[in-house]
Amino acid sequence: MIAANIQKINQEIGNKTRLIAVSKTKPAELVLEAYNANQRIFGENKVQEMLANYESLPKDIEWHLIGHLQSNKVKYIAPFVSMIHSVDSLKLLMSIEKEAAKCNRIIPCLLQIFIAKEETKFGLNRSELYEILDQLKLNPLPHIQICGLMGMASNTNDENQIRNEFSGLNLLFNEVKSAYFNEIPSFCELSMGMSHDYLIAVEEGSTLIRVGSLIFGTR
Ligand SMILES: *Cc1c(COP(=O)(O)O)cnc(C)c1O
1 MIAANIQKIN QEIGNKTRLI AVSKTKPAEL VLEAYNANQR IFGENKVQEM LANYESLPKD
61 IEWHLIGHLQ SNKVKYIAPF VSMIHSVDSL KLLMSIEKEA AKCNRIIPCL LQIFIAKEET
121 KFGLNRSELY EILDQLKLNP LPHIQICGLM GMASNTNDEN QIRNEFSGLN LLFNEVKSAY
181 FNEIPSFCEL SMGMSHDYLI AVEEGSTLIR VGSLIFGTR
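The sequence shown maps to residues 1 to 219 in the working numbering.
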């Protein structure tokens, strides 16, 4: 089942977009089943679960942190995390910088942008985003690599709304790239799209989709 689900999604998204299998709350056996189907990128939204899975599963897995991250928990994942998608404050970036430096690593990060209509989702608004980018320009953080933006669309069945939110994020990505990351090829990731909206996200330029329930079943 899991292998077939992964194969189907990979065929649909083509080779410009990578699939992150969101394994949160699922037992390690199921993660291993996906691993055996050649899946190598996994997403977790909780530090403790990611750490437990990292310790018990093969070491060539890329672990992506996709959920809200508290500054005081960065130290647990800094030694191995492949990408942090959910950076939503300068304070968090400073903490990632400090812990990455201790590990002698450069940690790839995405800035999470608030694009949904709901109040419940995390993320930066436009002016907060530019404030952080201006700060980073003044005071570069050598152990952080800003690789792009992440966003979650509204939880709605209105496809037009979802499409508008994703295309708005893509526009913002291009704006930020030309203003701050021109000629910096590592600023290239747009993390958007989940089980119910990844096809729209891919059409709107997603490079990383985060899919859980469609691979592993409902939580
Ligand atoms: C849980 C989660 C996903 C995956 O959600 P599904 O609907 O199960 O595909 C994607 N992104 C984030 C940030 C999540 O927390």
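The beta carbon of each residue, even a glycine, is placed where N, CA and C say it ideally should be.
I'd like the list of long-range same chain contacts for E12, defined as Cβ closer than 7 Å, with 5 residues on each side in sequence excluded. By one-based count along the sequence shown, residue 12 stands at place 12. Once the five neighbours on either side are set aside, the close Cβ partners of E12 are L199.
Nearest-angstrom Cα separation, counted from M1 out to I132: Within the sequence shown, the letter at position 132 stands for residue 132. Within the sequence shown, the letter at position 1 stands for residue 1. Approximately 43 Å between the Cα atoms of the pair.
Is A21 closer than 8 Å to I6 when the C-beta atoms are compared? Numbered from its first residue, the sequence shown carries residue 6 at position 6. Numbered from its first residue, the sequence shown carries residue 21 at position 21. Taking 8 Å as the Cβ cut-off, I6 and A21 qualify as a contacting pair.
Can you tell me where the alpha helix (DSSP H) holding E41 begins and where it ends? One-based indexing of the sequence shown puts residue 41 at position 41. Checking the sequence shown, residue 41 turns out to be Ile, not Glu. Unbroken run through I41 is the beta strand (DSSP E), I41 to E44; no alpha helix (DSSP H).
I want to know whether the segment 183–192 touches the segment 202–218 - three or more CB-CB distances under 8 Å. yes
Euclidean distance between Cα positions of Y130 and L93: Taking the sequence shown and counting its residues from 1, one reaches residue 130 at position 130. Taking the sequence shown and counting its residues from 1, one reaches residue 93 at position 93. Looking at the two C-alpha atoms, the distance is approximately 14 Å.
State yes or no: is the C-beta of H143 nearer than 7 Å to some heavy atom of ligand 1? As a position in the sequence shown, residue 143 is number 143, starting the count at 1. Not so, every heavy atom of ligand 1 lies at least 7 Å from the Cβ.
Three-way DSSP call (helix, strand, coil) for I113 in this model: As a working mapping, residue 113 is identified with position 113 in the sequence shown. Of the three classes helix, strand and coil, the one that applies to I113 here is strand, per DSSP.
Of the residues C103, N10, I84 and A100, which one's Cα is nearest the Cα of L111? For the purposes of this step, residue 111 is identified with residue 111 of the sequence shown, where counting begins at 1. Comparing Cα positions, the closest option is I84.
Does the beta-carbon of K26 have 16 or more other beta-carbons within 10 angstroms, so that it is buried, or is it exposed? Within the sequence shown, numbered from 1, the residue matching residue 26 stands at position 26. Its Cβ being crowded by 16 or more others within 10 Å, K26 is buried.
Taking Cβ positions, are C103 and Q145 nearer each other than 8 Å? Indexing the sequence shown from 1 puts residue 103 at position 103. Indexing the sequence shown from 1 puts residue 145 at position 145. Not in contact: C103 and Q145 (Cβ atoms no closer than 8 Å).
Here's a check: name, in chain order, each residue in its chain whose Cβ is nearer than 8 Å to the Cβ of K137, leaving out the five neighbours to either side. Mapped onto the sequence shown, residue 137 falls at position 137. The answer, listed in chain order, is Y180.
Pairs of beta-carbons, one from the segment 75–82 and one from the segment 144–163, closer than 8 Å: are there three or more? no
Per DSSP, the bridge partner or partners of Q234: The structure shown has nothing for residue 234, since the chain only spans 1 to 219.
Identify every residue that forms a DSSP beta bridge with S191. Here residue 191 corresponds to residue number 191 of the sequence shown, with the count starting at 1. DSSP lists M150 and L208 as partners of S191.
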